[in-house]
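In what follows, a single structure is set out as structure tokens and then discussed.
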Ligand SMILES: [Zn+2]
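In the working numbering, the protein residues as written are 234 to 487.
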């Protein structure tokens with residue numbers, strides 16, 4: 234086949250593929266933004282400006298820092314007592330000796346940067362499922378912290394694709410508690426929200442959030458700037474039509 238013949242192929246499939254990618258990207262961007270941005274931003278301001286006993290629960294080390302580290306820092310800055318509870322040690326993240334100890338040390342450093350207390354639990358990484366072990370862990374955390382404000386992973390997850398079952402299990406268990414009156418009365422916020430109704434402007438504390446994310450050095454495979462870029466990008470996803478540069482998104486259960 235000559236070069237001329239190869240070039241004469243129809244561009245239509247490429248146009249269709251490009252259009253599909255662009256549409257998917259626009260839909261994804263729109264999904265990350267609340268329907269009423271200014272109302273959501275106001276709700277975010279109210280969320281962080283009062284003092285609470287805060288219990289933020291993450292399935293793995295690093296989840297909380299990435300999805301709501303700025304919000305946790307604003308809460309602690311404004312006088313809330315913040316507990317970051319990490320269910321597993323993230324021991325399956327790398328085939329490396331003592332990875333569990335390394336990751337717990339990193340989580341301790343990140344929590345200290347956000348002025349929060351770290352509670353490290355020992356559920357098995359990759360095997361957190363609904364059941365007695367998870368329920369016991371949540372009971373223990375509740376008794377220990379008596380939270381007025383609870384943060385947990387959105388059971389829907391941030392996108393329709395490829396949910397981590399540990400994330401889903403935590404979100405579903407917290408949702409079930411809120412629905413069944415075990416945790417009724419507490420303010421429940423889901424981070425990594427698919428359809429947020431609360432936006433917290435974290436621009437002021439963004440550098441502290443980035444430092445806390447970067448404290449998880451064992452998980453950063455690329456250069457430092459790449460981690461900062463990804464975190465900044467994720468923090469801009471939600472602020473399409475709101476007067477804030479960087480935000481974190483939550484779904485508040487009402
Ligand atoms: Zn995770």
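Each residue gets a CB set at the ideal place from its N, CA and C atoms; glycine is no exception.
Residues of its chain near residue i, where Cβ-Cβ distance is below 8 Å and the 5 sequence neighbours each way are ignored
| i | result |
| --- | --- |
| residue 311 | 281, 282, 283, 284 |
| residue 288 | 316, 318, 374, 375, 378, 380, 382, 383, 384 |
| residue 335 | 329, 451 |
| residue 456 | none |
For residue i: DSSP bridge partner residues
| i | result |
| --- | --- |
| residue 352 | 318 |
| residue 432 | 482 |
| residue 276 | Partner(s): none; residue 276 has no beta bridge. |
| residue 287 | 315, 382 |
| residue 420 | 382 |
Whole-number beta carbon distance between residue j and residue i, since they are thought to touch under 8 Å
| i | j | result |
| --- | --- | --- |
| residue 398 | residue 362 | 7 Å |
| residue 276 | residue 435 | With a Cβ gap of about 14 Å, residue 276 and residue 435 do not count as contacting. |
| residue 452 | residue 326 | 6 Å |
| residue 407 | residue 304 | Not really, about 17 Å apart at Cβ, beyond 8 Å. |
| residue 391 | residue 370 | Rounded, the Cβ-Cβ distance is 23 Å, inconsistent with contact. |
| residue 265 | residue 471 | 5 Å |
| residue 484 | residue 423 | 4 Å |
| residue 477 | residue 274 | 6 Å |
| residue 301 | residue 441 | Contact flag wrong, Cβ pair sits at about 13 Å. |
Enclosing alpha helix (DSSP H) for residue i [first to last residue]
| i | result |
| --- | --- |
| residue 358 | Premise fails: residue 358 is in no alpha helix (DSSP H) and is neither H nor E. |
| residue 448 | Premise fails: residue 448 is in no alpha helix (DSSP H) and is neither H nor E. |
| residue 437 | Run containing residue 437: none; DSSP gives neither H nor E here. |
| residue 341 | 332 to 346 |
| residue 398 | 398 to 412 |
| residue 263 | 245 to 264 |
| residue 464 | 457 to 469 |
| residue 329 | Segment: none, residue 329 is in no alpha helix (DSSP H) and carries neither H nor E. |
| residue 306 | 296 to 310 |
Cβ neighbours of residue i in the same chain (closer than 7 Å, five flanking residues each side left out)
| i | result |
| --- | --- |
| residue 366 | 356 |
| residue 343 | 298, 445, 448, 449 |
| residue 328 | none |
| residue 234 | Interpretation of residue 234 is limited by its pLDDT of 48, a score under 50 that renders its predicted location unreliable; the figure taken from the coordinates is listed afterwards. So no residue of the chain qualifies. |
| residue 224 | Outside the modelled stretch of the chain, which goes from 234 to 487, sits residue 224, for which no answer is possible. |
| residue 437 | none |
Any non-hydrogen atom of ligand 1 closer than 6 Å to residue i Cβ
| i | result |
| --- | --- |
| residue 296 | yes |
| residue 388 | no |
| residue 391 | no |
| residue 449 | no |
| residue 244 | no |
| residue 357 | no |
| residue 293 | yes |
Range of the contiguous beta strand (DSSP E) that encloses residue i
| i | result |
| --- | --- |
| residue 478 | Per DSSP, residue 478 belongs to no beta strand (DSSP E) and is neither H nor E. |
| residue 385 | 382 to 386 |
Contacts around residue i, its chain only, beta-carbon distance under 6 Å, and the 5 residues preceding and following it disregarded
| i | result |
| --- | --- |
| residue 291 | 297, 319 |
| residue 253 | none |
| residue 359 | 325 |
| residue 341 | 351 |
Ligand 2 heavy atom lying under 6 Å from the CB of residue i
| i | result |
| --- | --- |
| residue 398 | Among the ligands in the structure shown, ligand 2 does not appear; only ligand 1 can be found there. |
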